[in-house]
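**Q**
In this note's numbering, the protein residues as written are 3 to 839.
(1) DSSP has residue 246 in a bridge; who is on the other side?
(2) Would you mind stating whether residue 577 and residue 560 have Cβ atoms separated by less than 9 angstroms?
(3) So does the stretch 92-110 actually touch the stretch 157-175, counting three or more Cβ pairs closer than 8 angstroms?
(4) Cβ atoms of residue 722 and residue 710: under 9 angstroms apart, would you say?
(5) Tell me whether residue 393 is buried or exposed, calling it buried when 16 or more other Cβ atoms sit within 10 Å of its Cβ.
(6) Keeping to the same chain, check which residues put their C-beta closer than 6 angstroms to that of residue 665; ignore five residues upstream and five downstream.
(7) Return the CA-CA distance between residue 59 and residue 234, expressed in angstroms with no decimal places.
(8) Do residue 242 and residue 160 count as a contact pair if the criterion is CB distance below 9 angstroms?
(9) For the pair the stretch 679-686 and the stretch 634-654, tell me if three or more CB-CB distances fall below 8 angstroms.
(10) Can you tell me whether DSSP reads residue 125 as helix, strand or coil?
(11) Rounded to the nearest angstrom, how far is the Cβ of residue 404 from that of residue 372, given a contact under 8 angstroms?
(12) Short of 7 angstroms in beta carbon distance, which residues of its chain neighbour residue 606, apart from the five on each side in sequence? Order them along the chain.
(13) As a quick exercise: from 122, 701 and 374, pick the residue whose alpha carbon is nearest that of residue 712.
(14) For residue 261, collect the residues of the same chain with a Cβ closer than 8 angstroms to its Cβ; drop the 5 residues on either side in sequence, then sort them by chain order.
(15) Ignore the nearest five residues each way along the sequence and tell me which others in residue 426's own chain have a CB closer than 7 angstroms to its CB.
(16) Excluding the 5 residues flanking residue 550 on each side, which residues of the same chain have their C-beta closer than 8 angstroms to its C-beta?
(17) Please work out which residues of its chain come closer than 7 angstroms, Cβ to Cβ, to residue 277, disregarding the five sequence neighbours upstream and downstream, and give them in chain order.
(18) Assign residue 367 to one of two classes, buried (16 or more other C-beta atoms within 10 Å of its C-beta) or exposed (fewer than that).
(19) Among residues of its own chain, excluding the 5 on either side of residue 490, which ones have a beta-carbon nearer than 8 angstroms to its beta-carbon?
(20) Report the partner residues of residue 206 according to the DSSP bridge assignment.
(21) Applying the criterion that 16 or more other CB atoms from any shown protein chain within 10 Å of the CB defines a buried residue, is residue 82 buried or exposed?
(22) Taking the Cβ atom as the reference point for each residue, do residue 214 and residue 203 lie within a distance shorter than 9 angstroms?
(23) The alpha helix (DSSP H) spanning residue 466 covers which residue range?
(24) Taking the C-alpha atoms as reference points, what is the distance between residue 1 and residue 84?
(25) Need the endpoints of the alpha helix (DSSP H) that residue 785 sits in, please.
(26) Expressed to the nearest angstrom, what Euclidean distance is found between the alpha-carbon atoms of residue 485 and residue 458?
(27) Alpha carbon to alpha carbon, what distance is there between residue 716 and residue 766?
(28) Run the CB neighbour count on residue 206, radius 10 Å, all protein chains shown included, and call it buried at 16 or more, exposed below.
(29) Cα separation between residue 584 and residue 502?
(30) Rounded to the nearest angstrom, how far is the Cβ of residue 130 from that of residue 105, given a contact under 8 angstroms?
(31) Considering only their Cβ atoms, is the gap separating residue 152 from residue 209 smaller than 9 angstroms?
(32) By Cβ distance below 6 angstroms, which residues in the same chain neighbour residue 412 in space, the five residues on each side in sequence not counted?
(33) Quick one: Cα of residue 307 to Cα of residue 299, how far?
(34) With DSSP as the reference, label residue 713 as helix, strand or coil.
(35) When you compare the CB of residue 237 with every CB in chain B, is at least one pair closer than 9 angstroms?
(36) Just to confirm the assignment, what range does the alpha helix (DSSP H) spanning residue 575 have?
Following this line, the structure appears as structure tokens:
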């Protein structure tokens, strides 16, 4: 479903990381010692660039005490990793690691390798993964108290974990998952990490840097640490699942608790701010690290300063102008002249190689682009030389929030760095503070945002954020009142997004349905025109139209968006195809007027031009058309689909449905012509069977039952065997019909136990053919094999009548009288045979 358009923008792929680890060569100390868990020797890897956050000088990196290592596992119990499939046979690389259900897992990424840590020490065979396009280079390494698996992959791929009864499933994702954030909560000198089903803590060596890592595993998926954090005692690593701590002190201990994990020291508390100071929310800005300096002078003083700086830069020698221009650009940004500042910085970099190579110039240029609303031009923030300060982390999160509104990862960074925004000049503060607070509230950092909002209770620019806070705190009525007030206010931007948010909130609170929500959002289309927000709003309206069954209006909305937003035409067209496929598969759309449905198909035939789309939709679409009471309208559409199909499978499926329609119209010649015209190679077995049955029935109705039976003779499936038996029965070829029903009974009738109605019907058809063919031994065999298993009722009575023993002695006369009475009721009971096998 499309994200609500008032969020703005789309999710973007994460930045590419460093090159992958080439090979694993596991080695390390053996398990069995007690006390401190031995550090694992990492796999041999190529020389890597320095870690983004190096350890503080002079601090020893010692492994923390976690638990006694598990005993080595018998090699004969080696686990075998195997390739798996995504649900619904979707394409993609998935593997299954068959650890027990009690085994916890964690995952983190370094460079282009994802590392999986399991808290069970098990040898694992990865041979079956060789050749897999994503996981073919996987390697495993035993740890003292666990197992490490490395998965090298391209930077465009993300890895996702899910727990199943069979083990841990690992999937390659083209769109990174958005796990629930595991916050870090400071409680009385301990740092708690609330996490579901915390399992254990594994100590290991970082495979790249060799630093000690304390890894907290979980027995469930979907939670991760999303932000980087550094203190004097530890580094908190971002993860894909679980918690990863790099201790910078040998006194640190990571423990499991009933509610997750707890980081503490073996004596005393961590060197953290008190909870009241907001260490788990907005930290004291004075304790945050800075790299840049924006002047807080009054605007008139800044203007005088800018005049002087501009004059000095112009009068300086050419190769001395770079630093002066950079200083002038900082003043411009403090005055809200971000576009001019970006231009000045670009000129400085073009004319001075030292400025072009300066990390600070790169940072300022990127920040100017962000303030000007151009996040795609802020790549300079990725320079690794800038890493290491809270200020750069803040601006990187600003870029992420602009590109991915509501990002939990950005929200988590803001939770600890947002107070820096209050130390910026008003022109910068007022530009980024609303974005920061709104991202925190949408990204789950409600408490941290609330503390910051309380510092500026009367700031009109934060009115929308205050409404989001009230909504997040559960007061729907008050939140709606605040949003409605903003929607009726003078600010056009606040009017548009507040009105949209109010509609979404009313829909979520079940105060309006999807149809009324779509109508309300449709009226807001002109509140904000252009850009991602308008496109998102159109897509949202189309989604709601589809959910309410107004498929035609939804498709029309996307058609118009495809025309109005040519730069996004490819993405919108894919949404069109997805919506069209959803309409075809939606059971509720069966209530649609038949004429409207057929007309809509004709209008959107181009959405099935791709062979893959035809193959996926041909069968459900043909089924829908066959269900219509307008065969004369359905037939031309099916013919058009069959003729335009690009793949053999799609053509054959539509051809089968068209042949079925012609069979319903008793057009046997048309059936055969259609089947001949839609033949293809490498068809799936179910389609081959379906087409063969259609062909055989048509041939039989044309007066050639033996030829029809021959078409199905080599097919041993239940459906084909039953069709062959029916054809022979209709032709009154009782001997061959008996053999065909006997073959079908072997496939459809359970070998033991009481028989249900379907099985009894099958035996009744078999008994009828056997009796009509005069096969007394066959009747005897049926009686002896099935009479005791056939239940009471009309079907069972008829089976017993047909298979009854002949009268041979006076003792059989009484039985004969009962059979005569049963036969007298036979015409009435024959109605039970309607429906066939």
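Just so it is clear, CB atoms sit at the ideal spot from N, CA and C, and this is done for glycine as well.
This one's a predicted model, so the numbers in the text were calculated from it and none came from an experiment.
**A** So, to answer that:
(1) 217 and 239
(2) yes
(3) yes
(4) no
(5) buried
(6) 673
(7) With a pLDDT of only 32 at residue 59, under 50, the local geometry of the prediction cannot be trusted, and no value is derived from it.
(8) yes
(9) yes
(10) coil
(11) 7 angstroms
(12) 557 and 582
(13) 701
(14) 194, 196, 197 and 200
(15) 296
(16) 515, 516, 517 and 520
(17) Because the pLDDT at residue 277 is just 40, under 50, the model does not fix this residue reliably, and the value given afterwards should be weighed accordingly. Cβ neighbours of residue 277 beyond the five flanking positions: 188 and 189.
(18) buried
(19) 497
(20) 215
(21) exposed
(22) no
(23) 465-474
(24) Since the displayed the chain opens at 3 and closes at 839, residue 1 lies outside it and no answer follows.
(25) 778-788
(26) 19 angstroms
(27) 24 angstroms
(28) buried
(29) 25 angstroms
(30) That pair is no contact at about 20 angstroms.
(31) yes
(32) 399, 402, 403 and 441
(33) 10 angstroms
(34) helix
(35) Going by chain labels, chain B is absent from the structure shown, which holds only one protein chain.
(36) 571-587
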